[in-house]
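Chains as they are written, first to last, in the working numbering: chain A, 339 to 596; chain B, 171 to 429.
Backbone N, C-alpha and C fix where the C-beta goes; we use that ideal spot for every residue, glycine too.
This report concerns only the one structure given below.
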Amino acid sequence: MKRVGIVALNTFREAVRDRVLYNLLFFALVMMAASIIAGQISIGIEQTVIATLGLSAISLIGLLIAIFIGVGLVSKEMDKRTLYALLAKPVRRWEFLLGKFGGLILTLAVNTAAMGVGLFLALIYVKPTLERGDGTVFVAVYFIWLKLALVVALALLFSCFTTPLLAILFTAGIYIVGLYVQELRDLPVAVMSPAMTAFTKWLSYLLPNFENFNIMAQAAHSRPVAGAFIAQNTLYAAVYCTIVLTAAILVFSRRNLK
Amino acid sequence: MSLIFPTAGSARILSKPISDIEMHRDIGYLPEQPYFYDYLTAAELLDYFARIHDLTAADRKERVQKMLKKVGLETAGKIQLRKYSKGMLQRVGMAQAILHDPKLVILDEPMSGLDPVGRREVRDIILELKRDGKTVMFSTHILSDAEMLCDRVGVIVGGKLRGVGAPAQLVDMKTQGMEILFELAGQSTAPLLAKATRTGDCYRLQVPEQDLYGAIEQLRAAGAKILSVSQVRATLEEFFMNLVEADRAQAAAVEVSEK
């Protein structure tokens, strides 16, 4: 387990050295511009505009990092042959894989947390009096991070058995479908055959439900979030990640690295 | 190296099955054309691998410095690996293979891509490891390296192991004749000259061992200046080429019989 941590820290260091965190600068600029403009054009709904814009930006930037770096975590090491020297050391393949996963979600944690703080500062700027529900924005950021962890796990799984380009497409595809899982469940049953109904229902539970992690509306209106909901989402992400990572480890552990 | 899995059979290293991850503590491995995390410096990379080997902080620092010195990279230790040349990466690869003081070192083409100085240094490191009582196993296409360094060699032709043993055992080390290198200015009609190969004023002549002194006398009489006399011996290369030739002949024979 200790070696998982060592690999994770090195992965984090790679992200920092490759200037992944520079996106924060971009985010900071967006937030500053938005706060100033929102204050001028939208009286009374500044908070909604800032929160929605900020959370969308955090989510989008995070997704780009999660998918593109997530797919590259293992495939880049195989491609550049950096993995060969490492696996000859006393490291098991699952330790390597979990370390890579841990390193990227650590990077994303730092990244989203920093953006969350930036967003909060922007909110304070447009709305000087704080109320209790304003903390919801941090819950929203936490949920985004949970969602990103799930995306990284999926990207890692796909990159273990297909080419990077296909892995990116698969991950992005699953993410988009995962946003509409609820709609899949609510499809007009009457017009479909029973087999089709069973299939869509089955599929809707199999696919990750990414919309569950979206509480942008609550954050925009400072509505508090129930603790049970936070726990439920955390558990959902943890269980789903465990399943996906187990599959990734099973695939990767059998792979011949020539 | 837990990179590929056997399709059949089993293998043991240091009397442990190859699936045993603990066995990896005692082996060092240098991949062919090594490439490492280019965002790290050599010292950081070695430190990273040392951590994986569970070395303590003090140990790590000491070992890393020692290894950098050993492969001649003390001054480059703080430069990111992306700025390294191929030869330097090969040295880093060597350092990471022997970092944890393994009992068995496996090197995949350790001299490929190195300049003469680098090759010499790698050779010296291998010999040093041998003196320390380590087992070094390496693959190479350069047969003279194998002849010079190895106690035992295995020859693989076309994916099959065709011979294992000390180089002297594999190759018939009997003298196959003598080679005389001499200098002769101007023209001469000495009959031996017809058999010699000429480069400028230099000639190279091969004679059977028993004819050596007679030939030297003749050459001296013709006014030649003898530069050197050396034994011609079969080399590993010839052993290898014989195997390849035999294979080719066999393949041709099979082809003919099939027709």
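Review point. Ordered along the chain, which non-local residues of its own chain (more than five positions away) have a Cβ less than 8 Å from that of isoleucine 396 of chain A?
Key: Around isoleucine 396 of chain A: Phe365, Thr450, Met453, Gly454, Leu457, Val479 and Ile482.
Point to revise | Beta-carbon separation (whole angstroms), leucine 216 of chain B vs tyrosine 207 of chain B, contact threshold 8 Å | key: Not really, about 11 Å apart at Cβ, beyond 8 Å.
Point to revise | Under 8 Å (Cβ pairs) to chain B, residues found in the segment 418–439 of chain A | key: Answer set for the segment 418–439 of chain A: Lys418, Arg419, Thr420, Tyr422, Ala423, Leu424, Leu425, Ala426, Lys427, Pro428, Val429, Arg430 and Arg431.
Review point. Does the distance from the CB of leucine 397 of chain B to the CB of glutamate 349 of chain B come in under 8 Å?
Key: If you check the CB distance, leucine 397 of chain B and glutamate 349 of chain B do not come in under 8 Å.
Review point. With distances taken between CB atoms, is the gap from leucine 277 of chain B to methionine 258 of chain B smaller than 8 Å?
Key: No, they are not a contact pair.
Review point. Which first and last residues belong to the alpha helix (DSSP H) in which aspartate 294 of chain B is found?
Key: Per DSSP, the continuous alpha helix (DSSP H) segment holding aspartate 294 of chain B begins and ends at 286–301.
Check your understanding: What's the C-alpha gap between alanine 178 of chain B and leucine 406 of chain B?
Key -> Using only the alpha carbons, I get a separation of about 31 Å.
Practice item. Output yes or no for whether 8 Å exceeds the beta carbon distance between glutamine 250 of chain B and tyrosine 205 of chain B. Key: Contact: no.
Exercise for review: Specify whether the segment 402–416 of chain B and the segment 305–318 of chain B touch according to this definition: at least 3 beta carbon pairs, one from each stretch, less than 8 Å apart.
Suggested key: The segment 402–416 of chain B, when compared against the segment 305–318 of chain B, does touch it at the 8 Å Cβ threshold.
Point to revise | Selection of the segment 254–271 of chain B by Cβ proximity to chain A, strictly under 9 Å | key: Cβ proximity to chain A below 9 Å picks out Gly263, Gln266, Ala267 and His270 from the segment 254–271 of chain B.
Point to revise | Complete runs of the alpha helix (DSSP H) confined to the segment 544–584 of chain A [at least 4 residues] | key: If we require 4 residues or more, the alpha helix (DSSP H) runs fully inside the segment 544–584 of chain A come out as 554–558.
Check your understanding: Pick from A/Ala566, A/Ala423 and A/Phe439: whose alpha carbon is nearest that of phenylalanine 350 of chain A?
Key -> That would be A/Phe439, whose Cα lies nearest to the Cα of phenylalanine 350 of chain A.
Check your understanding: Looking only at DSSP bridge pairs, what is arginine 182 of chain B linked to?
Key -> Beta-bridge pairing links arginine 182 of chain B to B/Pro187.
Practice item. Please determine, among A/Leu494, A/Val429 and A/Ala510, the residue with the shortest C-alpha to C-alpha distance to alanine 586 of chain A. Key: Among A/Leu494, A/Val429 and A/Ala510, the Cα nearest to that of alanine 586 of chain A belongs to A/Leu494.
Point to revise | Helix, strand or coil at leucine 375 of chain B according to DSSP, with G and I counted as helix | key: Of the three classes helix, strand and coil, the one that applies to leucine 375 of chain B here is strand, per DSSP.
Exercise for review: Indicate whether at least one CB of chain B lies closer than 8 Å to the CB of leucine 517 of chain A.
Suggested key: Cβ-Cβ to chain B under 8 Å: no for leucine 517 of chain A.
Exercise for review: Look at leucine 484 of chain A and leucine 583 of chain A and say whether their C-beta atoms are less than 8 Å apart.
Suggested key: By the CB criterion at 8 Å, leucine 484 of chain A and leucine 583 of chain A fall outside the cutoff.
Point to revise | Buried versus exposed, by CB contacts within 10 Å (16 or more), tyrosine 422 of chain A | key: By the 10 Å Cβ count, tyrosine 422 of chain A comes out buried.
Exercise for review: For leucine 595 of chain A, go through chain B and note every residue whose CB falls closer than 7 Å to its CB, in chain order.
Suggested key: Under the 7 Å cutoff, chain B gives Leu173 and Ile174.
Exercise for review: Answer yes or no: does any C-beta atom of chain A fall closer than 8 Å to that of phenylalanine 308 of chain B?
Suggested key: Residue-level contact check: phenylalanine 308 of chain B does not touch chain A, since none of the beta carbons of chain A fall below 8 Å from its beta carbon.
Practice item. Quick one: grab the DSSP three-state call for valine 323 of chain B. Key: Of the three classes helix, strand and coil, the one that applies to valine 323 of chain B here is strand, per DSSP.
Check your understanding: Can you check whether the CB of tyrosine 574 of chain A is closer than 8 Å to the CB of asparagine 550 of chain A?
Key -> Result yes, Cβ atoms of asparagine 550 of chain A and tyrosine 574 of chain A sit closer than 8 Å.
Point to revise | Span of the alpha helix (DSSP H) around leucine 459 of chain A | key: Counted as a single uninterrupted DSSP element, the alpha helix (DSSP H) harbouring leucine 459 of chain A occupies residues 431–464.
Point to revise | Partner residues on chain A for arginine 195 of chain B, Cβ-Cβ distance less than 9 Å | key: At a beta-carbon threshold of 9 Å, the residues of chain A lying near arginine 195 of chain B are Lys427 and Pro428, ordered along the chain.
Point to revise | Proximal chain A residues relative to proline 280 of chain B, where beta-carbon distance stays under 7 Å | key: Under the 7 Å cutoff, chain A gives no residues; its nearest Cβ is about 13 Å from proline 280 of chain B.
Check your understanding: Going straight from the alpha carbon of alanine 265 of chain B to that of cysteine 498 of chain A, what length do you get?
Key -> Straight-line Cα distance between these residues: approximately 30 Å.
Check your understanding: Which value, in whole angstroms, describes the spacing of the CA atoms of arginine 221 of chain B and serine 394 of chain A?
Key -> Between arginine 221 of chain B and serine 394 of chain A, the alpha-carbon positions lie close to 39 Å from each other.
Point to revise | beta strand (DSSP E) segment containing valine 234 of chain B, residue limits | key: No beta strand (DSSP E) contains valine 234 of chain B, which is instead part of the alpha helix (DSSP H) from 227–240.
Practice item. Please list the partners that isoleucine 344 of chain A has in chain B, where partner means a Cβ-to-Cβ separation under 9 Å. Key: In chain order: Tyr218, Arg221 and Ile222.
Check your understanding: Quick one: what's got a C-beta closer than 6 Å to alanine 491 of chain A's C-beta in the same chain, skipping five residues either side?
Key -> Excluding sequence neighbours, alanine 491 of chain A sits near Cys579, Val582 and Leu583.
Review point. Per DSSP, what kind of secondary structure is glutamine 250 of chain B in: helix, strand or coil?
Key: Here glutamine 250 of chain B carries a strand assignment [DSSP, helix/strand/coil].
Exercise for review: Return helix, strand or coil for aspartate 278 of chain B, following the three-state DSSP convention.
Suggested key: Collapsing the DSSP output to three states places aspartate 278 of chain B in a strand.
Review point. Taking any Cβ of chain A, which residues in the segment 180–192 of chain B have a Cβ under 8 Å from it, in chain order?
Key: Answer set for the segment 180–192 of chain B: Ile191 and Glu192.
**Study point:** Which of helix, strand or coil DSSP assigns to methionine 307 of chain B
**Key:** Residue state, collapsed to three classes: strand.
Exercise for review: Please report how far the alpha carbon of isoleucine 381 of chain A lies from the alpha carbon of alanine 389 of chain A, in whole angstroms.
Suggested key: Going by the C-alpha atoms only, they are around 15 Å apart.
Exercise for review: Spatial neighbours of glycine 410 of chain A within its chain, please: CB distance less than 7 Å, with the 5 preceding and 5 following residues excluded, ordered by chain position.
Suggested key: Around glycine 410 of chain A: Pro502.
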